[in-house]
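What follows is a short report on a single structure.
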Amino acid sequence: MTEPERDVLSSRIADCILGQHESWTRRMFELGRQLRADGGGPIWDLSLGNPSLEPPQLWAQAIVETLRDEPTGMHRYMTNSGFLDVREFIAQREGERYGIQGLEPHDVTMTVGAAGAINVLLKSIVDDGDRVLVPAPFFSEYEHYCANHGATLVPVATNPDFSLDLGTIAAAIAQDPDSARILLINSPNNPTGTIYSAAALDELAAMLGKLQLPRPLWVIEDSPYRDLVHDQTAASVPSMLGRWPNTVLVTSHSKDLGLAGERIGYLVINPEARGRELLHRAVAFCNRTLGFVNAPALMQRVLPKVLGQPGGRVEVQVYAENCHKMAAGLRELGFEQPTPQAGFFLFPRLPASLRASLGEGGDVTLTHRLREQRALVVPGVAFGVPDHLRLAMCVDPPVVDGALNAFRAVCA
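For the sequence shown, full-length UniProt numbering begins at 1 and goes up steadily by one.
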């Protein structure tokens, strides 16, 4: 786009799609498409968290049953919050999962994925100039979601192992209590795979409870990876939903059911939230007026037939094996990579020797060098933490081998 053509767009959007504000993830994804077309050989694409596993067979069966058996009118408009019987199912399931009493169907809103839910909540809660505090590293699209609604994303440093640092959270709130509106946490985390522990969340809730703030501080908990825990014997991923009253849990089934393109998710409001009824009304209103209107009807109908059933999710072990194989290979090359806990991302830190030789912007430089080996990754700066790389391990196993060979070539 030439400079004179910029006037067809808003200045903010022009800045987002041109230059440094363009999404690194999407940039590398598009580059992968170009490389595939050049005939130069296979691509080792670890850039985009696009699930490689197909949805479970049970999902396909449920689609057929739903289309065959559901009553006339299932494809018409519905209440903006979604089908009541589906929300009853979700409310019961989430209440049992987290031991929450009093969770009702109207605490649930079916949404167009977790991204839609976050945008609906931001539109409902923030005013221009409000701050959204986000532990770093974080999903890079959060910054755009905040900007959509006039809020400012404020990165908050975590501990070296990427666990929550309560001191930095408290300091960020105290910097301007009047504008501190939302703490947006993502556990299991994209890009690190870190699960915030129950003890850490207990301490966070206790800390928030001691604050004297002019307005309620909301916690939005984004949890689309909670059913992709690598250790299947582990307890359920801890949540703030039962720990802090002004919490809204957001999730989707893009990852655990492999339905990223179907855009089905939901949000759950803690029944003890301040202004609970008003927030219900606001969320329904914003779901409609942002143009989502309602979550996809067919996907809503299918969820109760699949969730919690045997064979009702993708084979998590495939992603886990990819992660652990790549993590071991990177450690041999000197990268700092903790044992991944959940999801399908790795976030290794560059070896000290590379950080010294490449200097500032080393993660970007290494990204370009890997691209020359036809391996695509995303630099850590895109997630608020430089000197790291994000690797999406939701790929076929041969891609892991090819990418490791590319790393060996550039790190030799």
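Glycine included, every Cβ here is placed at the ideal spot set by N, Cα and C.
Rounded straight-line distance, which links the Cα of residue j to that of residue i
{"i": "H230", "j": "Q337", "result": "16 Å"}
{"i": "G291", "j": "C411", "result": "48 Å"}
{"i": "A352", "j": "P56", "result": "42 Å"}
{"i": "P238", "j": "D227", "result": "12 Å"}
{"i": "N80", "j": "G359", "result": "51 Å"}
{"i": "P271", "j": "P135", "result": "25 Å"}
{"i": "L53", "j": "L346", "result": "18 Å"}
{"i": "I220", "j": "D38", "result": "43 Å"}
{"i": "V293", "j": "G193", "result": "32 Å"}
{"i": "A91", "j": "V268", "result": "8 Å"}
{"i": "Q300", "j": "S10", "result": "35 Å"}
{"i": "S23", "j": "I43", "result": "20 Å"}
{"i": "Q175", "j": "R36", "result": "48 Å"}
{"i": "K255", "j": "R27", "result": "22 Å"}
{"i": "M1", "j": "K325", "result": "Caution is warranted here: a pLDDT of 48 is assigned to M1, below 50, making its placement in the model unreliable, and the coordinate value is therefore given only provisionally. Their Cα atoms are separated by approximately 42 Å."}
Three-way DSSP call (helix, strand, coil) for residue i in this model
{"i": "V250", "result": "strand"}
{"i": "V400", "result": "helix"}
{"i": "L183", "result": "strand"}
{"i": "E336", "result": "strand"}
{"i": "M1", "result": "Here M1 scores only 48 on pLDDT, less than 50, and its place in the model is too uncertain to base an answer on."}
{"i": "F89", "result": "helix"}
{"i": "P304", "result": "helix"}
{"i": "T53", "result": "The sequence shown places Leu at residue 53, not Thr. Three-state DSSP puts L53 in coil, outside helix and strand."}
{"i": "H388", "result": "strand"}
{"i": "R274", "result": "coil"}
{"i": "W218", "result": "strand"}
{"i": "T109", "result": "strand"}
{"i": "V156", "result": "strand"}
{"i": "V314", "result": "coil"}
{"i": "I269", "result": "strand"}
{"i": "D45", "result": "strand"}
Own chain, CB closer than 6 Å to residue i, minus 5 neighbours either side, in chain order
{"i": "R87", "result": "P105, V108"}
{"i": "N322", "result": "M393, V400"}
{"i": "P188", "result": "I195, Y225, A342, G343"}
{"i": "L133", "result": "V154, V156, A172, L183"}
{"i": "D45", "result": "G32, L376"}
Cβ neighbour criterion (16 or more within 10 Å) applied to residue i
{"i": "R68", "result": "exposed"}
{"i": "K210", "result": "exposed"}
{"i": "residue 415", "result": "Any question about residue 415 goes unanswered here, given that the chain covers just 1 to 412."}
{"i": "V306", "result": "buried"}
{"i": "G258", "result": "buried"}
{"i": "E65", "result": "exposed"}
{"i": "Q34", "result": "exposed"}
{"i": "Y77", "result": "exposed"}
{"i": "T111", "result": "buried"}
{"i": "G40", "result": "exposed"}
{"i": "H280", "result": "buried"}
{"i": "I195", "result": "buried"}
{"i": "I17", "result": "exposed"}
{"i": "A356", "result": "exposed"}
{"i": "N405", "result": "exposed"}
{"i": "G167", "result": "exposed"}
Cutoff 7 Å: residue i Cβ touching any chain B Cβ
{"i": "V237", "result": "Among the chains in the structure shown there is no chain B, since it carries only a single protein chain."}
7 Å Cβ shell around residue i - same chain, five flanking residues per side excluded
{"i": "I13", "result": "none"}
{"i": "R288", "result": "N80"}
{"i": "I125", "result": "R181, I182, W218"}
{"i": "L58", "result": "V306, Q309, G311, G312"}
{"i": "T25", "result": "S47, L48, S140, V378, A382"}
{"i": "W244", "result": "A205, L208, V219"}
Residues near residue i in its chain [Cβ-Cβ closer than 8 Å; skip 5 each side]
{"i": "P348", "result": "A327, L330, F335, E336, Q337, H388, L389, L391"}
{"i": "A409", "result": "Q373"}
Whether residue i touches residue j by CB criterion (7 Å)
{"i": "A114", "j": "P224", "result": "yes"}
{"i": "V364", "j": "P379", "result": "yes"}
{"i": "G384", "j": "F138", "result": "yes"}
{"i": "V154", "j": "I169", "result": "no"}
{"i": "P51", "j": "A342", "result": "no"}
{"i": "L370", "j": "V377", "result": "yes"}
{"i": "R215", "j": "S179", "result": "no"}
{"i": "V120", "j": "V283", "result": "yes"}
{"i": "P304", "j": "I264", "result": "no"}
{"i": "V250", "j": "I118", "result": "yes"}
Near the ligand FAD: residue i beta-carbon under 6 Å from a heavy atom
{"i": "F335", "result": "Inclusion of the ligand FAD in the displayed structure is not the case, the ligand content being empty and no account of it being possible."}
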